[in-house]
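Student: Quick one: structure below, then a few questions.
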DNA sequence: AAATAGAGTTCCAAATAATAGAACAGAATA
DNA sequence: TATTCTGTTCTATTATTTGGAACTCTATTT
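Protein chains in written order, with our numbering: chain A, 375 to 638; chain B, 375 to 638.
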């Protein structure tokens with residue numbers, strides 16, 4: 375009797391799955407393991423219902439429950455994600471170019487894609503020091519305070535950027551973090567330049583240059599970036615790298631066009 | 375009218391979620407993107423039903439569909455998994471000990487947990503060379519051909535091992551890969567020794583030593599291993615490392631007992 | 001030690017979502 | 001143009017999920 379197949383945000387209804395994913399998100403985004411009652415307080419479901427939903431998630435390995443009855447996210451996710459990552463076409467195509475860019479600059483190179491209003495990091499190449507890689511891969515950051523995020527926005531149609539920015543909550547991470555107005559202004563600048571800087575907007579002492587990568591129909595929008603400590607990456611240095619990073623982005627874009635071109 | 379809440383394997387029914395997870399598994403385990411018809415052939419659902427299920431998975435970001443209508447696993451999984459990994463208590467507790475073991479041996483150190491009949495790798499520490507880390511983390515390997523797997527089995531009650539082995543399909547990866555009989559025999563040996571070797575049983579040219587780690591009630595069963603190329607890791611060398619690796623495992627076990635001890 | 005409160009689990013009729021099958025549409029092929 | 005193959009939409013039927021209450025177990029209070 376009700377009606378709509380879409381909710382107010384234009385997302386289509388995903389029925390039972392949608393409700394379970396909300397729970398999975400709640401537990402996964404929590405600071406630590408949650409007790410049944412904690413989750414109950416955040417979900418507007420009756421106890422019996424919530425109990426069954428959590429049981430199903432646990433049974434499937436998406437959540438785990440410890441000896442104290444506290445829920446945390448399950449390792450099944452790791453298995454699924456590692457396969458997803460290993461086979462990701464964008465990442466596979468970009469890999470050699472990222473490696474080359476890392477060799478050229480000696481600094482950390484990231485590959486990211488736009489998903490909703492966040493950038494999700496798909497890959498990372500660091501220099502000499504054996505660093506924890508997983509620490510970044512899979513992480514998400516807001517679009518408005520990362521080089522890749524701003525670069526990605528710069529190639530979207532203005533109305534899409536406006537809609538996206540309108541729904542955004544701007545958290546001020548540093549003194550340089552954008553607000554809606556300054557962000558929109560800078561996007562215009564980036565459109566002309568073809569590359570974006572992150573001037574310690576997310577983390578004090580960290581700067582980066584980024585260039586956008588996109589597929590023909592915008593089904594994939596992302597970017598590459600070179601990141602490093604501000605003392606080493608002066609703005610002059612970053613500006614010098616703008617050209618090579620745009621070139622890398624261009625090469626990846628071209629490789630994807632070919633890679634995806636022949637319809638099998 | 376039917377009846378059972380459990381299926382033949384003792385797994386409880388997870389309703390709609392279970393059906394969707396089967397699909398997610400099918401797509402995730404495939405070699406490449408799958409077309410609708412490919413999935414239809416593997417699932418015993420009617421077309422209309424399958425179509426809606428896939429739509430829901432795509433809408434939630436668990437699957438993605440490309441311009442050619444081919445399905446592959448979605449990046450939402452990466453985000454969820456990276457959080458799951460970052461907060462994993464076992465991994466956090468084990469980290470310093472793994473690092474120390476890596477320093478001591480100079481070879482690759484793995485942390486794994488038993489999940490069903492597979493070992494899922496939770497962490498990895500390599501030496502000097504900046505190697506792709508994600509390449510192993512989240513990967514799963516059969517219990518019967520990994521050091522960590524055999525070590526883990528050795529601390530399970532015999533009847534659980536027997537049940538697990540009975541359900542296993544033994545794929546012969548190398549000339550040294552175990553069969554059910556040789557595996558059960560070796561498990562007995564490992565019980566006495568306290569450590570397990572992988573004598574090129576999974577991959578030719580790769581050897582390892584592993585020791586089990588487990589929580590009091592066996593809610594967590596896993597192990598640490600030191601892995602490397604056979605030319606460098608002679609059996610003598612591996613035997614020398616058996617004691618330190620057992621000690622590392624013991625330290626992690628103790629740290630977990632304390633870490634999990636005080637019930638908050 | 002008994003009583004009480006808190007947390008989690010189980011149960012079942014009612015509400016809702018998923019299903020099966022057929023009809024429909026679009027693209028590729030003959 | 002006709003035909004087949006692939007994917008999408010629709011609807012009555014069926015199955016699952018829901019919500020609320022009753023129940024169990026454990027910790028806390030009197």
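Glycine included, C-beta positions come from ideal geometry on N, C-alpha and C. Being a predicted model, the structure only gives us computed values, none of them experimental.
1) Judging by CA-CA distance, which residue of A:488, A:433 and A:605 is the nearest neighbour of residue 394 of chain A?
2) Taking C-beta to C-beta, are residue 585 of chain B and residue 595 of chain B nearer than 9 Å?
3) Near residue 435 of chain A, what residues of its chain come up, given a Cβ to Cβ distance below 6 Å and the 5 sequence neighbours on each side ignored?
4) Report the residue from B:561, B:550 and B:589 whose alpha carbon sits nearest the alpha carbon of residue 580 of chain B.
5) Does any residue of chain B have a CB that is nearer than 9 Å to the CB of residue 420 of chain A?
6) Taking beta-carbon pairs under 8 Å, can you tell me which members of the region 444-461 of chain A lie near chain B?
7) Less than 9 Å between the beta carbons of residue 521 of chain B and residue 571 of chain B, yes or no?
8) Helix, strand or coil for residue 464 of chain B, going by three-state DSSP, please let me know.
9) May I have the straight-line CA-CA distance separating residue 569 of chain A from residue 560 of chain A, to the nearest angstrom?
10) Evaluate residue 422 of chain A with the Cβ neighbour count: other Cβ atoms within 10 Å of its Cβ, from every protein chain shown; 16 or more gives buried, anything less gives exposed.
11) Over what stretch of residues does the alpha helix (DSSP H) that includes residue 399 of chain B continue unbroken?
12) Going by C-alpha distance, which of A:416, A:408, A:406 and A:405 is nearest residue 396 of chain A?
13) Does any residue of chain B have a CB that is nearer than 9 Å to the CB of residue 398 of chain A?
14) Go through the region 406-472 of chain A residue by residue and report every complete run of the beta strand (DSSP E) that reaches 3 residues or more, in order.
15) Which residues bound the beta strand (DSSP E) around residue 520 of chain B?
16) Give me the DSSP bridge partner(s) of residue 588 of chain A.
17) Keeping to the same chain, check which residues put their C-beta closer than 8 Å to that of residue 517 of chain B; ignore five residues upstream and five downstream.
18) Taking residue 391 of chain A as the query, report the chain B residues whose CB atoms sit under 9 Å from its CB, ordered along the chain.
19) Where are the beta strand (DSSP E) runs, 3 residues long or more, that stay fully inside the region 517-583 of chain A, in chain order?
20) Taking any Cβ of chain A, which residues in the region 401-421 of chain B have a Cβ under 9 Å from it, in chain order?
21) Taking the beta strand (DSSP E) that residue 492 of chain B falls in, what are its first and last residues?
22) Tell me which residues share the same chain as residue 474 of chain A and place their Cβ nearer than 8 Å to its Cβ, disregarding the 5 neighbours each side in the sequence.
23) Can you find a C-beta in chain A that's less than 9 Å from the C-beta of residue 537 of chain B?
24) Give the interface partners of residue 512 of chain A over in chain B, defined as CB-CB distance under 7 Å, in chain order.
25) Going by DSSP, name the residue or residues bridged to residue 482 of chain A.
26) Let me check understanding here. Comparing Cα to Cα, which of B:496, B:402, B:454 and B:604 lies closest to residue 437 of chain B?
27) Which residues in the same chain as residue 567 of chain A place their Cβ atom closer than 8 Å to its Cβ, once the five residues preceding and following it in sequence are excluded?
28) Which one or two residues does DSSP pair with residue 489 of chain B in a beta bridge?
29) Check whether chain B comes within 9 Å of residue 627 of chain A, counting only Cβ atoms and requiring the distance to be less than that.
30) Roughly how many angstroms separate the alpha carbons of residue 624 of chain B and residue 554 of chain A, rounded to a whole number?
31) Using the beta-carbon of each residue, which ones in chain B are nearer than 8 Å to residue 386 of chain A?
32) Give me, in chain order, the residues of the same chain whose beta-carbon lies closer than 8 Å to that of residue 609 of chain A; leave out the 5 immediate sequence neighbours on both sides.
33) Taking only beta-carbon positions, decide if residue 494 of chain B is within less than 9 Å of chain A.
34) In chain A, which residues lie with their C-beta within 7 Å of the C-beta of residue 441 of chain B?
35) When we look at the beta-carbon of residue 591 of chain A and count the other beta-carbons within 10 Å, is it buried (16 or more) or exposed?
36) Report back the beta-carbon spacing between residue 515 of chain A and residue 576 of chain A to the nearest angstrom; my notes put them in contact at under 8 Å.
Tutor: The structure says:
1) With distances taken between Cα atoms, residue 394 of chain A lies closest to A:433.
2) Residue 585 of chain B is not a Cβ neighbour of residue 595 of chain B, given a cutoff of 9 Å.
3) Take residue 435 of chain A, set aside five residues on each side of it, and the residues of its chain with a beta-carbon closer than 6 Å to its own are 448 and 450, in chain order.
4) Measuring from the Cα of residue 580 of chain B, the nearest candidate turns out to be B:550.
5) At a cut-off of 9 Å between C-beta atoms, residue 420 of chain A does not count as an interface residue with respect to chain B.
6) Within the region 444-461 of chain A, the residues whose Cβ lies closer than 8 Å to some Cβ of chain B are 446, 447, 448, 449, 450, 451, 452, 453, 454, 455, 456, 457, 458, 459, 460 and 461, listed in chain order.
7) Between residue 521 of chain B and residue 571 of chain B, the C-beta spacing is below 9 Å.
8) Three-state result, residue 464 of chain B: helix.
9) Rounded to whole angstroms, residue 569 of chain A and residue 560 of chain A show a C-alpha spacing of 11 Å.
10) Taking every protein chain shown into account, the CB of residue 422 of chain A has fewer than 16 other CB atoms within 10 angstroms, so this residue is exposed.
11) For residue 399 of chain B, the uninterrupted alpha helix (DSSP H) segment begins and ends at 389-403.
12) From the listed residues A:416, A:408, A:406 and A:405, the smallest Cα separation to residue 396 of chain A is found for A:416.
13) True, the Cβ-Cβ gap to chain B drops below 9 Å.
14) You should have 437-439 and 445-447.
15) In the DSSP assignment, residue 520 of chain B falls outside any beta strand (DSSP E), carrying neither H nor E.
16) Answer is A:595, bridged to residue 588 of chain A.
17) The beta carbon of residue 517 of chain B is closer than 8 Å to those of 488, 491, 492, 493, 523, 524, 526, 527, 538 and 542 in its chain, skipping five residues each way along the sequence.
18) Ordered by position in chain B, the residues that pass the 9 Å Cβ test against residue 391 of chain A are 390, 391, 394, 427, 430, 431, 433, 434 and 436.
19) For the region 517-583 of chain A, whole beta strand (DSSP E) runs of length 3 or above, ordered along the chain, are 570-573.
20) Within the region 401-421 of chain B, the residues whose Cβ lies closer than 9 Å to some Cβ of chain A are 402, 403, 404, 405, 406 and 407, listed in chain order.
21) Per DSSP, residue 492 of chain B belongs to the beta strand (DSSP E) from 492-499.
22) For residue 474 of chain A, the CB contacts under 8 Å within the same chain, skipping 5 residues up- and downstream, are 622 in chain order.
23) Not an interface residue.
24) Those are 452, 453, 455 and 456, listed as they occur along chain B.
25) A:601.
26) Minimum Cα distance to residue 437 of chain B is reached at B:402.
27) Counting only Cβ-Cβ distances below 8 Å, and skipping sequence neighbours, we find 616.
28) Answer by DSSP bridge pairing, in chain order: B:492.
29) No Cβ of chain B is located within less than 9 Å of the beta carbon of residue 627 of chain A.
30) Spanning the two alpha carbons is a distance of roughly 53 Å.
31) What residue 386 of chain A touches in chain B: 429 and 433.
32) Here the set comprises 571, 573 and 581.
33) Taking Cβ atoms only, chain A reaches closer than 9 Å to residue 494 of chain B, which makes this a yes.
34) Going along chain A in sequence order, the residues near residue 441 of chain B (Cβ under 7 Å) are 591 and 593.
35) Exposed.
36) Rounded, the Cβ-Cβ distance is 7 Å, consistent with contact.
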